[in-house]
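S.K.: First residue of the sequence shown? That's -2 in the numbering used here, and the numbers climb one at a time after it. Glycine included, C-beta positions come from ideal geometry on N, C-alpha and C. The structure displayed is predicted, hence computed values, not measured ones.
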Amino acid sequence: MAEAGAVELVPASTLSTSTVAVGDWVEARGRVALRVLERTSLVSRKAAGSSVARQVIAANLDALFIVSSCNADFNAGRMERFLVLAASAGVEPVVVLTKADTAADPQAFVRQAQVLKKGLPVVLMDAKRDDVRMALGPWIGPGQTVALLGSSGVGKTTIANALTGGAAAVQDIRDDDAKGRHTTTGRYLVAMSGGGWLIDTPGMREVQLTDAYDGIGLFFDDLTQLSLTCKFRNCRHDGEPGCAIQAAIASGDLDRARLVRWQKLLSEDDTNTATMETSAARAAGRRGFPKKKK
Ligand SMILES: Nc1nc2c(ncn2[C@@H]2O[C@H](COP(=O)(O)OP(=O)(O)OP(=O)(O)O)[C@@H](O)[C@H]2O)c(=O)[nH]1
Ligand SMILES: [Mg+2]
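(1) Mapping DSSP to helix, strand and coil, what is R178?
(2) How long is the line joining the alpha carbons of G150 and F229, rounded to whole angstroms?
(3) Classify T275 as helix, strand or coil using the three-state DSSP reduction.
(4) Closer than 7 Å to a non-hydrogen atom of ligand 4 - does that hold for the CB of I170?
(5) Give a yes or no on contact between the segment 57 to 70 and the segment 141 to 149, applying the rule of three or more CB pairs nearer than 8 Å.
(6) Can you determine whether any heavy atom of ligand 1 sits closer than 7 Å to the C-beta of T154, and answer yes or no?
(7) The beta strand (DSSP E) with K43 in it runs from where to where?
(8) Can you give me the Cβ contacts of V204 inside the same chain, cut-off strictly under 8 Å, excluding the 5 residues immediately before and after it?
(9) Identify the continuous alpha helix (DSSP H) that holds D59 and give its terminal residues.
(10) To which residues of the same chain is A166 closer than 8 Å at the C-beta, ignoring the five residues directly before and after it?
(11) Check E265 in the structure and name its three-state DSSP category.
(12) How far does the beta strand (DSSP E) with G152 in it reach, from first residue to last?
(13) At a cut-off of 7 Å, is T226 close to ligand 1 when judged by its beta-carbon and the heavy atoms of the ligand?
(14) Is T180 a contact residue of ligand 2, with contact defined as CB to any heavy atom under 7 Å?
(15) Roughly how far, in whole angstroms, is the beta-carbon of I213 from the beta-carbon of D252, given that I think they are within contact range, below 8 Å?
(16) My output table needs one value for Q205: the three-state DSSP class, helix, strand or coil.
(17) Can you tell me whether DSSP reads G249 as helix, strand or coil?
(18) Which term fits T16, buried or exposed, when burial requires 16 or more other beta carbons within 10 angstroms of its beta carbon?
(19) Can you look up R28 in the DSSP assignment and give me helix, strand or coil?
(20) With a Cβ-Cβ cutoff of 8 Å, do G192 and G138 count as a contact?
(21) Rounded to a whole number of angstroms, what is the C-alpha to C-alpha distance between N231 and K114?
(22) From A97 to N72, what distance separates their C-alpha atoms?
(23) Going by DSSP in three states, V88 sits in which element: helix, strand or coil?
(24) Nearest-angstrom Cα distance between V92 and M122?
(25) In terms of DSSP beta bridges, what is A188 paired with?
(26) Where D169 and A241 are concerned, what is the direct C-alpha to C-alpha distance, given to the nearest angstrom?
(27) Span of the alpha helix (DSSP H) holding A110?
(28) In terms of residue numbering, what span does the beta strand (DSSP E) encompassing L12 cover?
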């Protein structure tokens, strides 16, 4: 995308297309893309399935719209993973709850999302009928780049169409379990009608973390801080004396389920990051690079 509109570029021989992500800005001469400009943010996850690769989702985002509908799709654990992805990338998260028109008590979903993090913006809407541009106004506009993430069928493309004036395909979800049909199949960037850029993405079934230690620490900053006051530095918060986390649970200040989720994400991130480092080292060894010292 250039000042004059969409331009099709060819990569220079020195530019590997595998290093370019949706949302990247490139320096171009004529129709030749020379290099990727420095990114302000990069949202990524562990690629789905058993692969040990990291999948880049989008570059240079200012805000991430984490979309869920007010029905069986809503899942606090999955939402928390999206929130950690945003924290890892230093991108502002916004929870967008669609299909308010179909729920008996939509505010119950708002409350469940709000407790995930103090001060988290949560926007409730009927994406088909409400003024979506007004509802998301604080995060969109000239110079802003935003992306929509969430499961299939939650209304990401419905929101994208409202913000861009486009008519990308949307499709009904299944009646029995509210699951979508994976209508959007690629990530793409479009100009928003009021300025700024929007990235729509295909529905994600699974969000596995990798290299997200800092993001988990930021998202669970209250637990991170509290654990620093445990008697033992290597406290596992599992019955050791002087454990500040267990004390907070006992006094009702901390929900035990949140501790379990924090530990689960840390352990998953640790395993995935270690596996990825090992496979990168192996690949480097195969290419004849020196192996990492143990
Ligand atoms: N009633 C109601 N229906 C909605 C709302 N938002 C989206 N829908 C409908 O939900 C269905 C799925 O919407 P999409 O926008 O295709 O969902 P998506 O998240 O882009 O799905 P994938 O592309 O498969 O990831 C469509 O039939 C939409 O018309 C809403 O707020 N209320
Ligand atoms: Mg879609």
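M.R.: Per the coordinate set shown:
(1) If you number the sequence shown from 1, residue 178 lands on position 181. In the structure shown, R178 adopts coil according to DSSP, grouped into three states.
(2) One-based indexing of the sequence shown puts residue 150 at position 153. One-based indexing of the sequence shown puts residue 229 at position 232. Roughly 46 Å between the two C-alpha positions.
(3) The sequence position of residue 275 within the sequence shown is 278, counting from 1. Helix.
(4) This structure lacks ligand 4; the ligands present are ligand 1 and ligand 2.
(5) Yes, they touch.
(6) Working through the sequence shown from its first residue, we reach residue 154 at position 157. Yes, Cβ of T154 sits closer than 7 Å to a heavy atom of ligand 1.
(7) Residue mapping note: residue 43 aligns to position 46 of the sequence shown, counting from 1. 39 to 43 is the extent of the beta strand (DSSP E) around K43.
(8) The count along the sequence shown starts at 1 and reaches residue 204 at position 207. Counting only Cβ-Cβ distances below 8 Å, and skipping sequence neighbours, we find R42, R75, R78, F79, L82.
(9) Translated into positions along the sequence shown, residue 59 becomes position 62. Counting along the chain, no alpha helix (DSSP H) covers D59, and no H or E run does either.
(10) Within the sequence shown, the letter at position 169 stands for residue 166. Taking A166 as the centre and dropping the five residues before and after it, the same chain places the C-beta of T154, T180, T181 closer than 8 Å to its C-beta, in chain order.
(11) Here residue 265 refers to the residue found at position 268 of the sequence shown. Shown here, E265 sits in a helix according to DSSP, grouped into three states.
(12) Counting from one through the sequence shown, the residue named residue 152 turns up at place 155. Annotation: G152 is outside any beta strand (DSSP E) and is labelled neither H nor E by DSSP.
(13) Residue mapping note: residue 226 aligns to position 229 of the sequence shown, counting from 1. Flag unset: Cβ of T226 not near ligand 1.
(14) Translated into positions along the sequence shown, residue 180 becomes position 183. Yes, the beta carbon of T180 sits closer than 7 Å to at least one heavy atom of ligand 2.
(15) If you number the sequence shown from 1, residue 213 lands on position 216. If you number the sequence shown from 1, residue 252 lands on position 255. With a Cβ gap of about 17 Å, I213 and D252 do not count as contacting.
(16) Stepping through the sequence shown from its first residue, residue 205 is reached at position 208. Q205 falls in the strand class under three-state DSSP.
(17) Against the sequence shown, residue 249 aligns to sequence position 252. In the structure shown, G249 sits in coil (DSSP, three-state: anything other than H, G, I, E or B).
(18) One-based indexing of the sequence shown puts residue 16 at position 19. By the Cβ-count criterion, T16 is exposed, with fewer than 16 other Cβ atoms from all chains shown falling within 10 Å of its own Cβ.
(19) Here residue 28 refers to the residue found at position 31 when the sequence shown is read from its first residue. Coil at R28, not helix or strand.
(20) As a working note, residue 192 is residue 195 in the sequence shown. As a working note, residue 138 is residue 141 in the sequence shown. Going by C-beta atoms, G192 is nearer than 8 Å to G138.
(21) Within the sequence shown, residue 231 is the residue found at index 234, counting from 1. Within the sequence shown, residue 114 is the residue found at index 117, counting from 1. So the two alpha carbons sit approximately 26 Å from each other.
(22) Along the sequence shown, read from residue 1 onward, the residue named residue 97 stands at position 100. Along the sequence shown, read from residue 1 onward, the residue named residue 72 stands at position 75. Taking C-alpha positions only, A97 is separated from N72 by approximately 16 Å.
(23) Position 91 of the sequence shown, counted from the first residue, corresponds to residue 88. Reduced to three states, the DSSP call for V88 is coil.
(24) For the purposes of this step, residue 92 is taken as residue 95 along the sequence shown, with counting starting at 1. For the purposes of this step, residue 122 is taken as residue 125 along the sequence shown, with counting starting at 1. Spanning the two alpha carbons is a distance of roughly 11 Å.
(25) One-based indexing of the sequence shown puts residue 188 at position 191. Residue pairing by DSSP places A188 opposite W194 in a beta bridge.
(26) One-based indexing of the sequence shown puts residue 169 at position 172. One-based indexing of the sequence shown puts residue 241 at position 244. Cα-Cα distance, rounded: 48 Å.
(27) Reading the sequence shown from its first residue, position 113 is the one you call residue 110. Element bounds for A110: 103 to 111.
(28) The residue you call residue 12 lines up with position 15 of the sequence shown. It is not in any beta strand (DSSP E) - L12 carries neither H nor E in the DSSP assignment.
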